[in-house]
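Numbering (the working numbering), first residue to last: 33 to 361. C-beta atoms are modelled at their ideal positions from N, C-alpha and C, and glycine is treated no differently. Worksheet: one structure, shown below.
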């Protein structure tokens with residue numbers, strides 16, 4: 033991805049990006065942000081760094097971010113760009129009066145609600161039946177039940193030896209690409225689908241011309257037609273599954289967190305549905321954080337931010353699709 037030709041002050045933005053020590057995926061994100069800002073900058077005939085608070089908040093709305101988490105990262109980037117522009121003499125505008133601390137509450141104000149679609153477990157299974165390659169379908173169910181890891185490594189590292197059926201309690205021992213290990217409980221449905229997937233020999237449910245056959249591997253998610261010793265799937269497999277899901281679900285905004293957040297709603301209901309008074313408290317949220325490896329404020333996963341988790345929970349979705357709950361956090 034590159035900056036569009038009509039980007040406002042394109043040379044300044046390119047200079048800013050070259051000053052950053054960032055990875056390729058971050059650069060792509062920042063290029064996209066600058067490209068999205070182009071329309072508003074040209075309407076106002078001013079660069080981001082010359083905008084006032086009202087104009088900046090109009091920009092935040094225009095980004096159409098589906099979550100406060102993603103918007104927080106975008107706002108942080110924009111603030112750093114403004115600070116860089118001031119420090120390098122590109123603007124004398126110090127009229128921005130954004131909050132000194134960008135909280136999730138503040139970011140939630142600018143979330144693009146139309147982009148947020150959640151799916152029930154029943155809906156997920158109906159869509160899964162439409163995938164020809166069941167690796168992609170089971171990949172989505174893994175996301176739904178809290179398995180992911182950086183680069184989908186927790187999913188792609190799975191082997192049958194990592195799964196355990198302990199008297200009807202199904203456990204998955206997960207390992208990410210940095211060697212971090214954790215154990216979570218999974219549903220019997222996911223367990224049996226993973227076991228079945230481990231035994232499937234080709235990409236197609238029914239024999240057909242052009243189907244690919246899996247390499248001999250202990251990984252559950254097997255590589256098709258591997259021609260070398262490199263028999264493990266990469267993150268591109270997960271990206272391909274999500275691209276297919278966008279078409280099958282008819283949702284071009286669908287990303288991994290769409291499925292994960294949908295799973296969180298289901299899991300919360302599973303935790304409280306047997307209780308007479310269905311209350312979501314800190315204990316419930318800690319279980320959600322542990323299963324979905326999210327909402328932590330430190331790298332050691334010791335402290336849960338209940339504020340972050342509250343903003344991941346769609347009460348209206350749960351109440352409409354599963355049952356009435358009460359939030360007490």
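Using beta-carbon positions only, say whether residue i and residue j come within less than 8 angstroms of one another.
{"i": "residue 168", "j": "residue 276", "result": "yes"}
{"i": "residue 206", "j": "residue 214", "result": "yes"}
{"i": "residue 321", "j": "residue 311", "result": "no"}
{"i": "residue 172", "j": "residue 291", "result": "yes"}
{"i": "residue 270", "j": "residue 151", "result": "no"}
{"i": "residue 366", "j": "residue 78", "result": "Coverage of the chain is limited to positions 33 through 361, which leaves residue 366 absent and any answer about it impossible."}
{"i": "residue 38", "j": "residue 70", "result": "yes"}
{"i": "residue 251", "j": "residue 180", "result": "no"}
{"i": "residue 247", "j": "residue 232", "result": "no"}
{"i": "residue 143", "j": "residue 97", "result": "yes"}
{"i": "residue 159", "j": "residue 54", "result": "no"}
{"i": "residue 170", "j": "residue 226", "result": "yes"}
{"i": "residue 313", "j": "residue 360", "result": "yes"}
Under the three-state reduction of DSSP, which class applies to residue i: helix, strand or coil?
{"i": "residue 197", "result": "strand"}
{"i": "residue 352", "result": "helix"}
{"i": "residue 112", "result": "helix"}
{"i": "residue 215", "result": "strand"}
{"i": "residue 101", "result": "helix"}
{"i": "residue 205", "result": "strand"}
{"i": "residue 149", "result": "coil"}
{"i": "residue 336", "result": "strand"}
{"i": "residue 55", "result": "coil"}
{"i": "residue 358", "result": "strand"}
{"i": "residue 180", "result": "coil"}
{"i": "residue 39", "result": "coil"}
{"i": "residue 254", "result": "strand"}
{"i": "residue 312", "result": "strand"}
{"i": "residue 81", "result": "helix"}
{"i": "residue 163", "result": "coil"}
{"i": "residue 191", "result": "strand"}
If you follow the alpha helix (DSSP H) that residue i is part of, which residue opens it and which one closes it?
{"i": "residue 437", "result": "Because the chain spans 33 through 361 in this model, residue 437 falls outside it and cannot be assessed."}
{"i": "residue 225", "result": "220-231"}
{"i": "residue 44", "result": "42-50"}
{"i": "residue 275", "result": "267-280"}
{"i": "residue 327", "result": "First-last for residue 327: undefined, no H or E at that position."}
{"i": "residue 140", "result": "136-140"}
{"i": "residue 174", "result": "166-176"}
{"i": "residue 304", "result": "288-304"}
{"i": "residue 187", "result": "185-188"}
Look at the alpha carbon of residue i and the alpha carbon of residue j, and state the distance between them as a whole number of angstroms.
{"i": "residue 211", "j": "residue 87", "result": "44 angstroms"}
{"i": "residue 68", "j": "residue 195", "result": "44 angstroms"}
{"i": "residue 340", "j": "residue 327", "result": "6 angstroms"}
{"i": "residue 112", "j": "residue 119", "result": "10 angstroms"}
{"i": "residue 283", "j": "residue 124", "result": "43 angstroms"}
{"i": "residue 355", "j": "residue 52", "result": "48 angstroms"}
{"i": "residue 140", "j": "residue 256", "result": "42 angstroms"}
{"i": "residue 297", "j": "residue 154", "result": "13 angstroms"}
{"i": "residue 174", "j": "residue 219", "result": "10 angstroms"}
{"i": "residue 223", "j": "residue 163", "result": "19 angstroms"}
{"i": "residue 388", "j": "residue 95", "result": "Here the chain covers residues 33 to 361 and nothing more, so residue 388 does not appear."}
{"i": "residue 299", "j": "residue 334", "result": "21 angstroms"}
{"i": "residue 305", "j": "residue 74", "result": "52 angstroms"}
{"i": "residue 254", "j": "residue 176", "result": "20 angstroms"}
{"i": "residue 265", "j": "residue 188", "result": "6 angstroms"}
{"i": "residue 134", "j": "residue 216", "result": "32 angstroms"}
{"i": "residue 317", "j": "residue 110", "result": "31 angstroms"}
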